[in-house]
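Chains as they are written, first to last, in the numbering used here: chain A, 1 to 309; chain B, 1 to 257. Backbone N, C-alpha and C define an ideal beta-carbon position, used for all residues, glycine too. All figures in this text were calculated on a predicted structure; none of them were measured in a lab.
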Amino acid sequence: MLQVYLPIAEMSVNLLVMLGLGAAVGFLSGMFGVGGGFLLTPFLIFSGISAPIAVATGANQIVATSVSGALAQWRRNNIDFRMGTVLIAGGVAGAFIGVLLLKVLREAGQAGLIISLTYVALLGTIGTLMLAESIRAIRRARAGRPPSGRRPGQHNWVHGLPLKMRFPRSRLYISAIPPLVIGWVVGLLTAFLGVGGGFIMVPAMIYLLRMPTNIVIGTSTFQIIFVTAVVTILHASINNSLDVVLALMLAAGGVMGGQFGVRAGQKLRGEQLRALLALLVLGVAVRLFLDLVLKPEDLYTITPLLRGA
Amino acid sequence: MRILLSLAAILPAMAMAHAAERPPSDEVVSDISTREIAIKSNFAGIEILIFGSIDFSARSVPERGTYDVVVVIRAPGQALVARRKQRVAGIWVNGPGETYPDVPGFYAVLSTRPLRAITSAETLESLGVGLGNLDFGTRMKDDPEEENYRSAVIDLKERQRLFQEDDDGVTFIGRSLFRASVDLPANVPIGRYTADVYLFRDGKVVSENQSTLRVNKVGFERLVYLLASRYPFIYGLIAVVIAVIAGLIGWVAFRRE
Numbered sequence: 001m002l003q004v005y006l007p008i009a010e011m012s013v014n015l016l017v018m019l020g021l022g023a024a025v026g027f028l029s030g031m032f033g034v035g036g037g038f039l040l041t042p043f044l045i046f047s048g049i050s051a052p053i054a055v056a057t058g059a060n061q062i063v064a065t066s067v068s069g070a071l072a073q074w075r076r077n078n079i080d081f082r083m084g085t086v087l088i089a090g091g092v093a094g095a096f097i098g099v100l101l102l103k104v105l106r107e108a109g110q111a112g113l114i115i116s117l118t119y120v121a122l123l124g125t126i127g128t129l130m131l132a133e134s135i136r137a138i139r140r141a142r143a144g145r146p147p148s149g150r151r152p153g154q155h156n157w158v159h160g161l162p163l164k165m166r167f168p169r170s171r172l173y174i175s176a177i178p179p180l181v182i183g184w185v186v187g188l189l190t191a192f193l194g195v196g197g198g199f200i201m202v203p204a205m206i207y208l209l210r211m212p213t214n215i216v217i218g219t220s221t222f223q224i225i226f227v228t229a230v231v232t233i234l235h236a237s238i239n240n241s242l243d244v245v246l247a248l249m250l251a252a253g254g255v256m257g258g259q260f261g262v263r264a265g266q267k268l269r270g271e272q273l274r275a276l277l278a279l280l281v282l283g284v285a286v287r288l289f290l291d292l293v294l295k296p297e298d299l300y301t302i303t304p305l306l307r308g309a
Numbered sequence: 001m002r003i004l005l006s007l008a009a010i011l012p013a014m015a016m017a018h019a020a021e022r023p024p025s026d027e028v029v030s031d032i033s034t035r036e037i038a039i040k041s042n043f044a045g046i047e048i049l050i051f052g053s054i055d056f057s058a059r060s061v062p063e064r065g066t067y068d069v070v071v072v073i074r075a076p077g078q079a080l081v082a083r084r085k086q087r088v089a090g091i092w093v094n095g096p097g098e099t100y101p102d103v104p105g106f107y108a109v110l111s112t113r114p115l116r117a118i119t120s121a122e123t124l125e126s127l128g129v130g131l132g133n134l135d136f137g138t139r140m141k142d143d144p145e146e147e148n149y150r151s152a153v154i155d156l157k158e159r160q161r162l163f164q165e166d167d168d169g170v171t172f173i174g175r176s177l178f179r180a181s182v183d184l185p186a187n188v189p190i191g192r193y194t195a196d197v198y199l200f201r202d203g204k205v206v207s208e209n210q211s212t213l214r215v216n217k218v219g220f221e222r223l224v225y226l227l228a229s230r231y232p233f234i235y236g237l238i239a240v241v242i243a244v245i246a247g248l249i250g251w252v253a254f255r256r257e
């Protein structure tokens, strides 16, 4: 009952399951203040959607979340548009490479494997780092010591590069190369994994570019809108892997879930939230890893031969 | 019922046309309950009915003999790759595979009795009837490795209900009427399907008849499918616009200011 046919994935899914999945990811991203792409794409893969379709549809879903997020940040004047534009330029270049890479891997029958491996490496590393950091923070809070504020130095190697640009909103005068490279890496990840890439971009902007923290979130969300939009269109055009019916169901669920998540998040302390998120991220990584190392029930797979292959 | 009646009307004509070229023989006629299947957003599979009758009017005295009916439903072929996973450094990786240029998107064989009881393996092979007799567009090599891939394709398709074999799927109603029902699952491919009905008498094909059905996406499903395959750029752009609107709605509806 309530089966909905996905015209591009060419399969039937349960409407309530997909709405629930969108709501759950929306809830988690509202609660933790993250984009949620790194949860949505693996969850779609777990529910039987093929990896390339999960990636393209995940990217499309992030367009919606980042639009609401960026509008809220824009109202608070937290977006450095100049920096955002440089990040987008890098991101679009990275997106092209990522989409083409996925096409080549898909034709070789290795897309699912490489996507899973990249997720395991990325989520495993980030989850471990976050868990270690939040446990330290929880211990510190229990011991009654104030959280240690890391004070970044005024200059690092980034400031010695050429092509300097002025970024008045961030009060920076730095080379355009580091933001271009950061944008490029994030664009590649967006195209390849269906994530927004905030979890890479935010630390990179804080620690490498030394941008003011309040502007970092707004600027990265601004970049994510455009890069995920370009990735969506590229995947649709080059890989034919975007399922708009699936995206609609996920977006409807996501909008609802997000609001409850924000409220739930306000009831928890920051370090507890981070520990929970870290456990969730590690859980997804472990599940993906097990799927790779456990003997599959079916050694054989069949896939339609793609055009041009 | 109307179809049956109209068939009954043209039967004698058909029988006479055949009588000119062959010695008097039995004729089989058949049709499908649904000639057009529409895949809409609530499509969760459909059961189709193939029915028909054997016309004995060509002979004055019905001869004795064992009659069997075999129904073969087939969707257009697709090219696909079968791959086998192998362990590389502890991880299961897709190995090189076999490419099959013409694998039916759907294939069902229904019969009154097990195929091997109806006729010889040679007859089945020459007709290309039965899962074991599909050639998938490549000549069968005597290679056990290739044979594994071939049977894996059949096995996987059977589990997706896209290949079916039912050896009592055809039932006779009385002496000349028969019916067979097939479940088309939700994942059936679109295209023009054929339903071939073979009439066997004592292990020999005495008559065959073909009817067709179309499986199409309709309405919203069709629009999305056509847009995505013909104008993928515009399709992507629309998806982005929808997402932006969803984001705006989310922001307007739930902003806390």
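Chain-order list of residues whose beta-carbon lies under 6 Å from that of residue i (same chain, five-residue window excluded)
| i | result |
| --- | --- |
| residue 44(A) | 54 |
| residue 316(A) | Residue 316(A) is absent from the model: chain A starts at 1 and stops at 309. |
| residue 270(A) | none |
| residue 322(A) | Since the first residue of chain A shown is 1 and the last is 309, residue 322(A) is not available in this structure. |
| residue 204(A) | 182 |
| residue 222(A) | 70, 79 and 84 |
| residue 131(A) | 278 |
| residue 138(A) | 271 |
Backbone CA spacing between residue i and residue j [nearest angstrom]
| i | j | result |
| --- | --- | --- |
| residue 29(A) | residue 251(A) | 13 Å |
| residue 153(B) | residue 302(A) | 7 Å |
| residue 36(B) | residue 214(B) | 5 Å |
| residue 250(B) | residue 65(A) | 8 Å |
| residue 260(A) | residue 31(A) | 8 Å |
| residue 135(A) | residue 279(A) | 11 Å |
| residue 77(A) | residue 215(A) | 8 Å |
| residue 218(B) | residue 245(B) | 26 Å |
| residue 97(A) | residue 162(A) | 25 Å |
| residue 169(A) | residue 241(A) | 38 Å |
| residue 237(B) | residue 233(A) | 6 Å |
| residue 258(B) | residue 101(B) | Residue 258(B) lies beyond the residue range present for chain B, which begins at 1 and ends at 257; the question has no answer from this structure. |
| residue 140(A) | residue 79(A) | 33 Å |
| residue 182(A) | residue 99(A) | 18 Å |
| residue 56(A) | residue 187(A) | 13 Å |
| residue 207(A) | residue 200(A) | 11 Å |
| residue 81(A) | residue 226(A) | 12 Å |
| residue 196(B) | residue 30(B) | 9 Å |
| residue 299(A) | residue 211(A) | 49 Å |
| residue 228(A) | residue 196(A) | 7 Å |
| residue 274(A) | residue 198(A) | 15 Å |
| residue 110(A) | residue 248(A) | 28 Å |
| residue 177(A) | residue 213(A) | 20 Å |
Neighbourhood of residue i by C-beta distance below 8 Å, restricted to the same chain and skipping five residues each side
| i | result |
| --- | --- |
| residue 9(A) | 49, 50, 53, 243 and 246 |
| residue 21(B) | Because the pLDDT at residue 21(B) is just 49, under 50, the model does not fix this residue reliably, and the value given afterwards should be weighed accordingly. Result list for residue 21(B): empty, nothing under 8 Å. |
| residue 84(B) | 94, 95, 97, 148, 149 and 152 |
| residue 242(B) | none |
| residue 120(A) | 285, 288, 289 and 292 |
| residue 131(B) | 107, 109, 154, 158, 163 and 165 |
Presumed contact (8 Å Cβ cut-off) between residue i and residue j, rounded CB distance
| i | j | result |
| --- | --- | --- |
| residue 150(B) | residue 136(B) | 7 Å |
| residue 84(A) | residue 190(A) | That pair is no contact at about 15 Å. |
| residue 7(A) | residue 225(B) | 5 Å |
| residue 28(B) | residue 209(B) | 5 Å |
| residue 129(A) | residue 38(A) | With 8 Å as the limit, residue 129(A) and residue 38(A) do not qualify as a contact, their Cβ atoms being about 14 Å apart. |
| residue 265(A) | residue 19(A) | The pair is not a contact, with the Cβ atoms about 21 Å apart (cut-off 8 Å). |
Residues of its chain near residue i, where Cβ-Cβ distance is below 7 Å and the 5 sequence neighbours each way are ignored
| i | result |
| --- | --- |
| residue 127(A) | 278, 281, 282 and 285 |
| residue 151(A) | For residue 151(A), the pLDDT reaches just 49, beneath the cut-off of 50, and the residue's location in the model is therefore unreliable, leaving the point undetermined. |
| residue 14(A) | 2 and 3 |
| residue 180(B) | 50, 71, 110, 169 and 170 |
| residue 92(A) | 187, 227 and 230 |
| residue 105(A) | 111 and 114 |
Delimiting residues of the alpha helix (DSSP H) encompassing residue i
| i | result |
| --- | --- |
| residue 232(A) | 213–234 |
| residue 235(B) | 232–254 |
| residue 291(A) | 270–293 |
| residue 160(B) | That residue, residue 160(B), is in no alpha helix (DSSP H); it is neither H nor E in DSSP. |
Near the ligand COA: residue i beta-carbon under 7 Å from a heavy atom
| i | result |
| --- | --- |
| residue 159(B) | The ligand COA is not part of the structure shown, which contains no ligands of any sort. |
N- and C-terminal bounds of the beta strand (DSSP E) containing residue i
| i | result |
| --- | --- |
| residue 302(A) | 300–304 |
| residue 196(A) | Counting along the chain, residue 196(A) falls outside any beta strand (DSSP E), and DSSP gives it neither H nor E. |
| residue 200(B) | 191–201 |
Beta-carbon neighbours of residue i, restricted to chain E and to distances below 8 Å
| i | result |
| --- | --- |
| residue 42(B) | Of the chains in the structure shown, none is chain E; the protein chains are A and B. |
Which runs of the beta strand (DSSP E) spanning at least 3 residues fall entirely within the stretch 22–46 of chain B, listed in chain order?
27–32 and 36–39
Enumerated in chain order, which unbroken segments of the beta strand (DSSP E) with a length of 3 residues or greater are wholly contained in the stretch 47–99 of chain A?
none
What beta strand (DSSP E) runs, 3 residues minimum, are completely inside the stretch 51–126 of chain B?
67–74, 77–88, 91–104 and 107–111
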